[in-house]
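Quick note: the sequence shown uses the numbering used here, first residue 125, plus one each step.
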Amino acid sequence: MEEATSGLGFSTACKISKEGFVVVIVGRSEQLLSETIRKIKDLNEDAQLKAFQADLSSVESIIKFKDSLRQWLLDSNLHCSVQILINNAGILATSPRVTAEGYDQMIGTNYVGAFVLTKLLLPLLENSPVSSKIVNVTSFTHRAVTNLQVDEGTVSGKKFLSSKHYPYAQVYEYSKLCILLFSFELHRQLTQMGKSHQIFVNVADPGIVKTNILQEVPACLSWFAYFVLKRLRLLQSPDRGKDSIIDAAFAPPGTSGAYFFGGKGRTINPSALSRNAKLAHELWETTCNMLSATPFGNE
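#1: Ignoring anything shorter than 4 residues or poking outside the stretch 138-207, list the alpha helix (DSSP H) runs there in chain order.
#2: Less than 9 Å between the beta carbons of Val150 and Leu173, yes or no?
#3: Out of curiosity, what's the CA-to-CA distance linking Met230 and Gly214?
#4: Buried or exposed, going by whether 16 or more other CB atoms sit within 10 Å of the CB of Asp191?
#5: DSSP state of Ala255, grouped into three classes?
#6: Tell me whether the stretch 381-398 and the stretch 288-305 touch, counting them as touching only if at least three CB pairs, one residue from each stretch, are closer than 8 Å.
#7: Is the stretch 317-331 touching the stretch 255-270, taking contact as three or more C-beta pairs under 8 Å?
#8: So the alpha helix (DSSP H) Tyr296 belongs to, where does it begin and stop?
#9: Determine the direct distance from the alpha carbon of Asp367 to that of Thr379, and round the result to whole angstroms.
#10: Report the rounded CA-to-CA distance for Pro377 versus Leu248, giving the unit in angstroms.
#11: Does DSSP put Met414 in a helix, a strand or coil?
#12: Might you give, ordered along the chain, the residues of its own chain that have their beta carbon closer than 7 Å to the beta carbon of Thr265, omitting 5 neighbours on each side?
#13: Under the rule that 16 or more other beta-carbon atoms within 10 Å means buried, what is Gly144, buried or exposed?
#14: Would you mind reading off the limits of the beta strand (DSSP E) that contains Val240?
#15: Between which two residues does the beta strand (DSSP E) harbouring Phe385 extend?
#16: Any idea what DSSP makes of Ile210, helix, strand or coil?
#17: How many Å lie between Val162 and Asn168 at the Cα?
#18: In whole angstroms, give me the CA-to-CA distance for Ala382 and Thr391.
#19: Less than 9 Å between the C-beta atoms of Val183 and Thr410, yes or no?
#20: Name the residue from Leu246, Gly331, Ser158 and Leu415 whose alpha carbon lies nearest to the alpha carbon of Gly386.
#21: Mind checking Met414: buried by the 16 CB within 10 Å criterion, or exposed?
#22: Pull up the distance between the alpha-carbon of Glu406 and that of Asp166, whole angstroms please.
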């Protein structure tokens with residue numbers, strides 16, 4: 125469970141822990157991770173939790189986390205597998221920032237990090253004694269993208285970093301479309317390999333949720349946005365927003381390649397662009413080529 129220290133991640137981790145799972149949470153801040161474990165324990169004293177500190181925008185940090193997780197599973201005498209992987213990490217950065225690999229940090233966190241982590245954990249997901257689930261969290265804002273470029277300069281975000289004015293809304297929307305394309309391409313590849321009965325890949329869109337994702341937006345603007353959305357009854361609490369994530373994580377066996385939205389098990393169609401198999405495959409290839417120059421290329 126990525127970034128479970130607040131908002132959607134915290135609510136989701138609480139719910140899954142109540143279902144009896146051993147929940148592994150990952151985040152940047154050791155202090156926030158410790159506080160999160162304490163808060164979940166306060167709500168559910170029987171919760172089985174483990175926290176790992178990792179920067180999910182850094183390829184090297186994700187690789188270290190994968191190694192630490194595997195060793196912990198072995199040392200704890202737990203089955204060396206992962207049953208549910210939830211890629212929930214997401215940021216909305218209003219200024220350009222660069223990851224250790226030179227990628228745009230928003231794309232690195234929202235898409236590339238999830239790509240790397242999922243690929244690295246596939247052996248553990250395959251090793252699950254029951255069918256495993258991958259849930260990638262996206263946003264309805266992906267629908268704003270009408271023309272997708274999948275060259276390395278765009279996928280890495282370097283194209284956006286070189287812009288005179290950093291187009292943060294455009295970058296966020298792009299990253300959320302990329303995670304969708306990745307999800308559907310992974311589903312197709314697992315189907316071709318005959319593993320679609322073993323690993324299910326679904327997407328969850330929590331809708332408009334009041335979290336700290338707008339913390340970098342000027343306070344007056346974020347306050348006004350939340351005020352209007354609340355008046356329109358479109359704003360949800362994290363506890364309500366988590367429902368689509370939980371639906372995807374506990375979808376009936378055989379459900380894969382679905383887009384969950386709105387809770388109550390509801391699925392809808394994403395944008396037509398996100399279902400473009402040719403673009404999805406090209407994005408996959410570009411991402412793999414881009415990552416070949418990083419430590420991921422040696423994995």
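Virtual Cβ for every residue (Gly too), placed ideally from N, Cα, C.
With the given structure in hand:
#1: 154-167 and 183-199
#2: no
#3: 8 Å
#4: exposed
#5: Before going further, note that residue 255 is Ser rather than Ala in the sequence given. DSSP places Ser255 in coil when its eight states are reduced to three.
#6: yes
#7: yes
#8: Tyr292 to Gln316
#9: 17 Å
#10: 19 Å
#11: helix
#12: Tyr296, Glu297 and Lys300
#13: exposed
#14: Here Val240 belongs to no beta strand (DSSP E); instead the alpha helix (DSSP H) covers Gly237 to Glu250.
#15: Tyr383 to Phe385
#16: strand
#17: For the sequence presented, residue 162 should be read as Arg rather than Val. If you take the alpha carbons of Arg162 and Asn168, they lie about 10 Å apart.
#18: 7 Å
#19: no
#20: Gly331
#21: buried
#22: 46 Å
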